[in-house]
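Chains X and C supply the protein sequences, listed in that same order. If you're matching positions, the first sequence starts at 1 in full-length UniProt numbering and goes up one per residue. If you're matching positions, the second sequence starts at 1 in full-length UniProt numbering and goes up one per residue. Positions of the beta carbon are idealized from the N, C-alpha and C atoms, including for glycine. Report on the structure given below.
Number of protein chains: 2
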Amino acid sequence: MPTNPNEQSKNPDLRLINKALAMICGKWRLYIILLLGEQTLRYTQLSELLPGISEKVLAGELKALVALGVMKRKAYAEMPPRVEYKLSKKGRLALPILNQLQEVGQLFN
Amino acid sequence: MPTNPNEQSKNPDLRLINKALAMICGKWRLYIILLLGEQTLRYTQLSELLPGISEKVLAGELKALVALGVMKRKAYAEMPPRVEYKLSKKGRLALPILNQLQEVGQLFN
DNA sequence: CACTATACTATATTTTTGGTAACTGGCTTA
DNA sequence: TAAGCCAGTTACCAAAAATATAGTATAGTG
Numbered sequence: 001m002p003t004n005p006n007e008q009s010k011n012p013d014l015r016l017i018n019k020a021l022a023m024i025c026g027k028w029r030l031y032i033i034l035l036l037g038e039q040t041l042r043y044t045q046l047s048e049l050l051p052g053i054s055e056k057v058l059a060g061e062l063k064a065l066v067a068l069g070v071m072k073r074k075a076y077a078e079m080p081p082r083v084e085y086k087l088s089k090k091g092r093l094a095l096p097i098l099n100q101l102q103e104v105g106q107l108f109n
Numbered sequence: 001m002p003t004n005p006n007e008q009s010k011n012p013d014l015r016l017i018n019k020a021l022a023m024i025c026g027k028w029r030l031y032i033i034l035l036l037g038e039q040t041l042r043y044t045q046l047s048e049l050l051p052g053i054s055e056k057v058l059a060g061e062l063k064a065l066v067a068l069g070v071m072k073r074k075a076y077a078e079m080p081p082r083v084e085y086k087l088s089k090k091g092r093l094a095l096p097i098l099n100q101l102q103e104v105g106q107l108f109n
């Protein structure tokens, strides 16, 4: 009988968990994703929907989420500038699971 | 026609989201919860399963998770001491959703 | 020419998180 | 008598995250 390190349940995969945490952890990140849900929002609209976020943090979070592939940035060559953010395909795939986190929050309310 | 601030989708609830984030954010927190899954683990077992975690951080995370109501601590009046940790009922209810986060991680792999 | 609008960037500062290493208490074993 | 075991605690420090505030580029408007 071979040694079985995982008795009854398969161990969680730390790498996958870290990938997921990278997307949602931080004071604003998950909220930005959920806000974006089905709609497209501009930088200024997002800053209005995130009460108290600083310009620097918002710009940084948007950049990070685009880099992670969760959302897409579309800039129009207009003046004054216009930039729109929306979820990527992967982001939309993850959305139902991320929305369920609100139910988890409700459990511990 | 009355003004409808939420067009097509109900806005996410920042309070619930923060409750959920409090449980899972941090370098080790979610992993501890998933590890505990169905099994009961002792302090030393946990520290062995979390390679590189410091005593201080582990003790702090366990204390926080117990305070949040995710897990329970049971101490036996023996010598040497024995303390067991396992998920609370609420923790077990949240578990399926938290496990799905690994699928989210897989999407962005 | 001054002024506005938008989407940022830069700089400095504060707060939070994570980490190291040493120490404790009470019993047991060598 | 000393050393080990378990489940932590304590004091201290570094790095990361968040915040506050000011500045930039460009074009159009009056």
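For Gln100(C), which residues of its own chain have a beta-carbon under 7 angstroms away from its beta-carbon, when the five flanking residues on both sides are left out? Position 100 of the second sequence, counting from 1, holds the residue named residue 100(C). No residues qualify anywhere along the chain.
Starting from Lys86(X), trace the beta strand (DSSP E) both ways and give me its first and last residue. On the first sequence, position 86 is the one that residue 86(X) refers to. Counting along the chain, the beta strand (DSSP E) containing Lys86(X) begins and ends at Arg82 to Leu87.
Limits of the unbroken alpha helix (DSSP H) element including Ala64(C): Position 64 of the second sequence, counting from 1, holds the residue named residue 64(C). Looking at the DSSP string, the run of the alpha helix (DSSP H) that includes Ala64(C) is Glu55 to Leu68.
Can you grab the Cα-Cα spacing for the pair Glu48(C) / Lys27(X), in whole Å? For the purposes of this step, residue 48(C) is taken as residue 48 along the second sequence, with counting starting at 1. For the purposes of this step, residue 27(X) is taken as residue 27 along the first sequence, with counting starting at 1. Roughly 30 angstroms between the two C-alpha positions.
Assign Pro96(C) to buried or exposed, taking buried as 16 or more other Cβ atoms, counted over all protein chains shown, within 10 Å of its Cβ. Sequence index remark: in the second sequence, residue 96(C) carries index 96 (1-based). Per the 10 Å Cβ criterion, exposed.
Within the 8 angstroms Cβ cut-off, does Glu48(C) reach chain X? Here the question's residue 48(C) lines up with position 48 in the second sequence. Taking Cβ atoms only, chain X never reaches closer than 8 angstroms to Glu48(C), which makes this a no.
Of all the CB atoms in chain X, is at least one closer than 8 angstroms to the CB of Met23(C)? Residue 23(C) sits at position 23 when you count from the first residue of the second sequence. Chain X contact via Cβ: present.
Can you give the Cα-Cα distance for Met23(C) and Phe108(C), rounded to whole angstroms? Here residue 23(C) refers to the residue found at position 23 when the second sequence is read from its first residue. Here residue 108(C) refers to the residue found at position 108 when the second sequence is read from its first residue. If you take the alpha carbons of Met23(C) and Phe108(C), they lie about 22 angstroms apart.
Considering just the uninterrupted stretch of the beta strand (DSSP E) at Ala77(X), what are its terminal residues? Walking along the first sequence from the start, residue 77(X) turns up at place 77. Run containing Ala77(X): none; DSSP gives neither H nor E here.
Could you give the distance in angstroms between the alpha-carbon of Pro51(C) and the alpha-carbon of Leu58(C)? Stepping through the second sequence from its first residue, residue 51(C) is reached at position 51. Stepping through the second sequence from its first residue, residue 58(C) is reached at position 58. Going from the Cα of Pro51(C) to the Cα of Leu58(C) covers about 11 angstroms.
Chain-order list of residues whose beta-carbon lies under 6 angstroms from that of Ala75(X) (same chain, five-residue window excluded): Counting from one through the first sequence, the residue named residue 75(X) turns up at place 75. Taken in chain order, the residues that qualify are Val83.
If Val104(C) sits next to Leu98(X), beta carbons under 8 angstroms apart, how far is it from one beta carbon to the other, in whole angstroms? Looking up residue 104(C) in the second sequence gives position 104. Looking up residue 98(X) in the first sequence gives position 98. Right, the Cβ-Cβ distance comes to about 7 angstroms (below 8 angstroms), so this counts as a contact.
Separation of Lys89(C) from Arg73(C), as counted between CA atoms: The residue given as residue 73(C) occupies position 73 in the second sequence. The residue given as residue 89(C) occupies position 89 in the second sequence. Straight-line Cα distance between these residues: approximately 13 angstroms.
Following the continuous alpha helix (DSSP H) through Leu30(X), name the residue where it begins and the one where it ends. In the first sequence, the residue the question calls residue 30(X) occupies position 30. Arg29 to Leu36 is the extent of the alpha helix (DSSP H) around Leu30(X).
Determine the contact status of Gln102(C) and Pro12(X), defining contact as a CB-CB distance below 8 angstroms. Indexing the second sequence from 1 puts residue 102(C) at position 102. Indexing the first sequence from 1 puts residue 12(X) at position 12. Closer than 8 angstroms, so yes.
CA nearest to the CA of Ile33(C), picked from Leu93(X), Leu62(X), Ile17(X) and Glu61(X): Your numbering for residue 33(C) matches position 33 in the second sequence. The candidate whose alpha carbon is nearest that of Ile33(C) is Ile17(X).
Do Arg29(C) and Leu65(C) have their beta-carbon atoms positioned less than 8 angstroms apart in this structure? Working through the second sequence from its first residue, we reach residue 65(C) at position 65. Working through the second sequence from its first residue, we reach residue 29(C) at position 29. Against a cut-off of 8 angstroms, the Cβ pair of Arg29(C) and Leu65(C) comes out as a contact.
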